[in-house]
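If you're matching positions, the sequence shown starts at 199 in our numbering and goes up one per residue.
Here the structure is laid out as structure tokens; the discussion comes afterwards.
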Amino acid sequence: MAGETVITVIGNLTGDPELRFTPSGAAVANFTIASTPRTFDRQTNEWKDGDTLFLRASVWKDAAENVAETLTKGMRVIAQGRLKSRSYETKEGEKRNVTELEVDEIGPSLRSASAKVVKTQRGGQGGGFGQAQGGQQYGGGFGGQPQPGPGNPTAQGWGGGQQGGWGNPGADEPPF
199 MAGETVITVI
209 GNLTGDPELR
219 FTPSGAAVAN
229 FTIASTPRTF
239 DRQTNEWKDG
249 DTLFLRASVW
259 KDAAENVAET
269 LTKGMRVIAQ
279 GRLKSRSYET
289 KEGEKRNVTE
299 LEVDEIGPSL
309 RSASAKVVKT
319 QRGGQGGGFG
329 QAQGGQQYGG
339 GFGGQPQPGP
349 GNPTAQGWGG
359 GQQGGWGNPG
369 ADEPPF
């Protein structure tokens with residue numbers, strides 16, 4: 199991954215994400231993010247919009263399905279990924295070059311909205327960060343159940359509540 203251009207884009211979706219599947223069954227969601235810079239003009243004492251960047255983006259696998267289920271036209275999103283350039287030929291034989299964002303992470307902006315996060319249960323099994331394992335909750339309150347807290351004070355496990363951190367009381371290091 200050395201030499202790749204990683205960027206973060208904040209903007210609004212211009213349409214609902216389009217979910218498709220490759221012949222091998224891999225999910226891909228395609229969408230466009232419109233990002234318009236704003237600057238404050240001190241002479242007029244007003245905000246001015248700059249030129250809008252329309253950036254075509256794609257996200258793969260389980261994240262693609264999550265994006266298609268969660269995000270809709272007009273939503274403000276924060277997306278991080280790698281810029282990719284590719285060439286193609288139109289039906290008329292014209293050669294074109296495009297630069298697109300291959301999204302690694304995306305989510306709604308919470309600046310002027312709220313969201314409820316629900317962990318999906320797709321794909322393979324795994325003991326990754328935030329997975330409940332053997333009745334224990336690792337990861338400081340991310341994912342899985344049970345989790346101790348005001349709504350469930352008797353649940354066993356690490357994470358959430360007063361313990362914070364990486365989920366291991368007194369630990370300063372992540373569990374990996």
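Glycine residues also receive a C-beta, built at the ideal position from the N, C-alpha and C atoms.
No experiment lies behind these values; they were computed from the predicted model shown.
Through-space distance from residue j to residue i, alpha-carbon basis
{"i": "W258", "j": "T220", "result": "10 Å"}
{"i": "A400", "j": "E216", "result": "The question about residue 400 has no answer, for the chain in this structure spans 199 to 374."}
{"i": "R274", "j": "V301", "result": "15 Å"}
{"i": "G248", "j": "N210", "result": "15 Å"}
{"i": "L281", "j": "T206", "result": "10 Å"}
{"i": "N243", "j": "A255", "result": "35 Å"}
{"i": "K317", "j": "Q241", "result": "48 Å"}
{"i": "T395", "j": "T237", "result": "The structure shown has nothing for residue 395, since the chain only spans 199 to 374."}
{"i": "K293", "j": "V315", "result": "43 Å"}
{"i": "E235", "j": "A261", "result": "At residue 235 the sequence reads Pro, which differs from the Glu that was named. Each residue's Cα considered, the two are about 27 Å apart."}
{"i": "R284", "j": "N295", "result": "6 Å"}
{"i": "E287", "j": "A224", "result": "24 Å"}
{"i": "E290", "j": "S233", "result": "31 Å"}
Residue burial classification, residue i (beta-carbon count within 10 angstroms, cutoff 16)
{"i": "N264", "result": "buried"}
{"i": "A313", "result": "exposed"}
{"i": "L251", "result": "exposed"}
{"i": "I231", "result": "buried"}
Residue from the options with nearest C-alpha to residue i
{"i": "T297", "options": "L253, R240, V204 and V315", "result": "L253"}
{"i": "E202", "options": "Q278, T288, K289 and E287", "result": "Q278"}
{"i": "L308", "options": "T230, N295, P235 and I276", "result": "I276"}
{"i": "S310", "options": "G272, N228 and D214", "result": "G272"}
{"i": "P306", "options": "D239, T268 and K289", "result": "T268"}
Beta-carbon proximity list for residue i, same chain, < 6 Å, skipping 5 on both sides
{"i": "R218", "result": "V226"}
{"i": "D214", "result": "T270 and K271"}
Own chain, CB closer than 8 Å to residue i, minus 5 neighbours either side, in chain order
{"i": "S375", "result": "Missing from the structure shown is residue 375; the chain here goes from 199 to 374 and no further."}
{"i": "K246", "result": "R236, T237, F238 and D239"}
Beta carbon proximity, residue i to chain C, threshold 8 Å
{"i": "T237", "result": "In the displayed structure, chain C is absent; only one protein chain is listed."}
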